[in-house]
Amino acid sequence: MERTRACLVALALATLCGVTQVRSSASDHLYKAGDEVPFYANKVGPFRNPSETYRYFDFPFCSSALVKKKKEAFGEVLNGDRLVSAPYKIDFLSEKDAEIACQTKLSKEDVAKFRTAVSEDYYFQMYYDDLPIWSFFGKVDKESMTDPSNHKYYLYKRLLFDIFYNKDRVIEIHARSDSNAVVDLNGDEPVDVDFMYTVKWKETGSPFEKRMGKYSMSSNHLEIQWFSTLNSCVIVLLLTAFLATILMRILKNDFMKYTRDEESADDDDETGWKYIYGDVFRYPKHKSLFAAALGSGIQLFTIAIFIFILAMVGIFYPYNRGVLLSTLVVIYALTSGIAGYTAASFYCQLEGINWVRNLLLTGSLFCGPLFVTFCFLNTVAIAYKVTAALPFGAIVMIFLIWGLVTSPLLVLGGIAGKNSKAEFEAPCHTTKCPTEIPQLPWYRKTLPRMAMAGFLPFSAIYIELYYVLASVWGHRNYTIYGILFIVFIILLFVTAFITVALTYFQLAAEDHDWWWRSFLCGGSTGLFIYAYCFFYYYERSDMSGFMQTSFFFGYMACICYGFFLMLGAIGFLASLFFVRHIYLCIKCE
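Residues in the sequence shown are numbered consecutively from 477, following the numbering used here.
Following this line, the structure appears as structure tokens:
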């Protein structure tokens, strides 16, 4: 079993590294004149719905009898890529003029299918020597008529390829459709179509190592993005510094007041957060769930740090197909021990007994909702016959990774956490009878505090959030990981501070039930992100249809839930450090 488990880990890592190596090694992509260059057709779909993609030969472009399927890597399968040999043959330095790729006869049903696709702006995607190519199916001639029934639909039947090379390497490729070579799709009769293509080669001095640079954002977008993001972050940091100054002054006055009270030995008039020193470290309710949430949050934080490190070293360059998704699967599996250790250790510090149940809860707290969401969305994808539906083999691979890597590491981490014998460090003894919490106004309740806690961190990230969503749920490339990392650090800092501030005001109101409140306030930014998703979907995107809508809101719910757990853990740990510090600075006994 141990050998099998080790082999699976090696296979997963090899899958991840293999995808990266094929597209980054300088020893590949060397050709001589006349050599065959890999050319694959990937998928097609409506431009407005990035998740609604179909196999290329689901449409009758050419006969698919001689099509060869490429064996996809694990990440490519997760990404919905279904690569097959393209109907065009373009050898290295071989030019062609109006070459016929295939001749086919479109039936009435095929014509209607293409007409619907053209009306919905369908595009196709291909890869030539791992360089992406896109083009639309056809065009709509509206002729200044607003009535869609009068529009004219045409299918492009000729592609023009301009390929740039440097010695023995392919550097760049442009594909455009010939608007003069079209097929009329407005009738209901069968149509004969000759799909053609023209190829021209041009020499360039651009180096091979920089051939993916054109797919990054332009410099204009970069400058605008830097300015808008930094402007937002500066405003938030200034506001945070202003609030921090006020909080420090209040704390200083509190310490001076409590010092005078200690010198006068007058304990009868104690008020504020010192008065509840015997209750502030009373363990929270549902401590097993609390420890599981903390462990899951710390694991997700660790995953985020690893992802940023890999992004900084250039692993996730544009169109490195599926590497991000496969990396997430592998890193989640390998970091499950962190979740187990953190949850079990903290649960035992809270004098918990059933640590096995706590481990089961930790392992299912994030994976459970994600699994249920995946089952529903994969069923929807199968019903729509889109490439986002994972095949049986990929599902088996995920379950093997979960069963042979994730679960054992979770148990090992839990055993290590249980045996760590760490004790909860509380500067004050907890009294046997809890102090009654006074009646508080409505704005001091949990939900209003969560709204206040989530707004400030969200205001620091909402500009960058648009660019991220436009990349994940659109056709933009996101490559400016430096900005994203800065925004992430600011998000953590602001979340920690605002949670600490609200925890202080809660304790000052003699409300000692701060454990869950600090976690919920810290994680409330995830709810703001999900609320923004509604605004983005209906106001900033053209996505539509049940399939795309369910995919967007389903997977974004899982992502925002992950943010909730991660930021909740950060908020609680910051509050715990703060509470321990202020009670260490006064005489509690």
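Even for Gly, the Cβ is constructed at its ideal location relative to N, Cα and C.
Asked	Found
Looking at C-alpha atoms only, which residue of Thr-803, Lys-508, Val-543 is the closest neighbour of Ala-787?	Thr-803
Using 8 Å for Cβ pairs, my map puts Ser-611 next to Tyr-599. What's the rounded Cβ distance?	7 Å
Considering only their Cβ atoms, is the gap separating Gly-754 from Thr-911 smaller than 8 Å?	yes
Which residues in the same chain have their Cβ closer than 6 Å to the Cβ of Lys-1032, if we skip the five residues on either side of it in sequence?	Contrary to the premise, residue 1032 reads as Met rather than Lys in this sequence. Excluding residues within five positions, the ones whose Cβ falls inside 6 Å are Cys-1009.
With DSSP collapsed to three states, give me the class of Val-872.	helix
Which of the three DSSP states is assigned to Ile-791 in this structure?	coil
Measuring only the C-alpha atoms, how far is Glu-596 from Pro-522?	6 Å
For the alpha helix (DSSP H) containing Glu-940, name the first residue and the last one.	922–948
Would you say Met-602 touches the ligand MN, meaning its beta carbon is less than 7 Å from a heavy atom?	Inclusion of the ligand MN in the displayed structure is not the case, the ligand content being empty and no account of it being possible.
Under the rule that 16 or more other beta-carbon atoms within 10 Å means buried, what is Tyr-919, buried or exposed?	exposed
Would you kindly work out how many angstroms separate the C-alpha atoms of Gly-1002 and Gly-1038, rounded to a whole number?	8 Å
Grab the span of the beta strand (DSSP E) containing Tyr-1067 for me, first residue to last.	With the chain represented from 477 up to 1065, any question about residue 1067 goes unanswered, as that position is not in the structure.
Suppose the cutoff is 6 Å on Cβ atoms and the five residues either side in sequence are ignored; what does the same chain contact list for Ser-1000 look like?	Met-926, Ala-929, Gly-930
If contacts are defined as beta-carbon pairs under 8 Å, then Phe-1027 and Ser-561 qualify, I think. What distance do you get, rounded to the angstrom?	The Cβ separation is near 28 Å, so there is no contact.
Cα separation between Ala-892 and Phe-900?	17 Å
Comparing C-alpha positions only, which one of Ile-774, Asp-605, Val-594 sits nearest to Phe-1048?	Ile-774
State the Cα-Cα distance for the pair Ala-1007 and Glu-940, rounded to the nearest angstrom.	15 Å
Would you please state the rounded distance, in angstroms, between the beta carbons of Leu-967 and Ser-772? I believe it to be under 8 Å.	In fact, because the Cβ distance is near 18 Å, the residues do not count as touching under 8 Å.
When you compare only the Cα positions, how much space is there between Lys-546 and Gly-998?	46 Å
Of the choices Leu-776, Glu-1015, Leu-885, Leu-866, whose alpha-carbon is the least far from that of Cys-1036?	Leu-776
Please confirm if the region 812–828 is in contact with the region 877–897, defined as three or more CB-CB distances below 8 Å between the two stretches.	yes
Could I get the ranges of all uninterrupted beta strand (DSSP E) runs contained in the region 636–689, with 3 residues as the minimum, in chain order?	645–653, 658–660, 667–679
Return the chain-ordered ranges of every alpha helix (DSSP H) run that is complete within the region 524–554 and spans a minimum of 4 residues.	550–554
With Cys-904 as the anchor, note down where its alpha helix (DSSP H) starts and where it stops.	Segment: none, Cys-904 is in no alpha helix (DSSP H) and carries neither H nor E.
Rounded to the nearest angstrom, what separates Arg-1056 and Val-756 at their Cα positions?	10 Å
Our contact map puts Lys-633 next to Ala-657 with C-beta atoms below 8 Å; I'd like the distance itself, whole angstroms only.	5 Å
Below 8 Å CB to CB, which residues in the same chain sit around Phe-533 once its five sequence neighbours on both sides are set aside?	Ala-517, Ser-540, Val-543, Val-560
What's the call for Ile-1058, buried or exposed, on a 16-neighbour Cβ count within 10 Å?	buried
Can you round the beta-carbon distance between Asp-644 and Tyr-507 to whole angstroms, since I take them to be within the 8 Å contact cut?	6 Å
Beta-carbon within less than 8 Å of Lys-519's beta-carbon, same chain only, minus the 5 sequence neighbours each way: which residues are those?	Thr-529, Tyr-530, Arg-531, Tyr-532, Gly-556, Asp-557, Arg-558, Phe-600, Gln-601, Thr-863
How about His-988 and Ile-752: are their beta carbons less than 8 Å apart?	yes
Under 8 Å between the Cβ atoms of Ile-962 and Leu-932?	no
Looking at the secondary structure, which residues open and close the alpha helix (DSSP H) in which Gln-982 lies?	957–984
Nearest-angstrom Cα distance between Ser-764 and Tyr-823?	6 Å
Have a look at Gly-1074 and Asn-707 and give me their C-alpha separation to the nearest angstrom.	No statement about residue 1074 is possible, as the shown extent of the chain runs from 477 to 1065 and does not include it.
Between which residues of its own chain and Lys-581 is the CB-CB distance below 7 Å, once the five residues before and five after are set aside?	Pro-666, Asp-668
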